[in-house]
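In the numbering used here, the protein residues as written are 739 to 807.
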């Protein structure tokens with residue numbers, strides 16, 4: 739069973755701001771590398787179809803599939 743992650747999107751108030759940030763960070767690459775402070779302990783479960791859900795203004799508004807850790 740897949741395990742998902744939640745990430746607070748601090749400093750962003752609209753989905754369009756997150757889209758713009760992601761586009762800038764990818765800079766022509768196929769994937770986005772996002773570093774977190776702590777490495778997930780349940781890596782294998784996350785890689786079985788898990789997603790990163792972005793919390794914007796207290797609501798889960800965006801989902802990104804996790805390709806690798």
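Built from N, CA and C at the ideal position, the CB exists for glycine as well.
Handout entry: Cβ neighbours of residue 763 in the same chain (closer than 7 Å, five flanking residues each side left out)
Key = Excluding the 5 residues flanking it on each side, residue 763 has same chain C-beta neighbours closer than 7 Å at 770, in chain order.
Practice task
Could you round the C-beta distance between residue 741 and residue 780 to whole angstroms and report it? I think they count as a contact, below 8 Å.
Solution key: Cβ-Cβ separation between residue 741 and residue 780: approximately 5 Å, consistent with a contact (criterion under 8 Å).
Exercise for the section: Please say whether residue 743 and residue 778 have beta carbons closer to each other than 8 Å? Expected result: Between residue 778 and residue 743, the C-beta gap is smaller than 8 Å, which places the two residues in contact.
Practice task
Consult DSSP for residue 801 and reduce its assignment to one of helix, strand or coil.
Solution key: Strand.
Handout entry: Where residue 793 sits in the DSSP three-state scheme
Key = It is a strand residue.
Problem - Backbone secondary structure at residue 761 - three-state DSSP - result: In this structure, residue 761 counts as helix in the three-state DSSP scheme.
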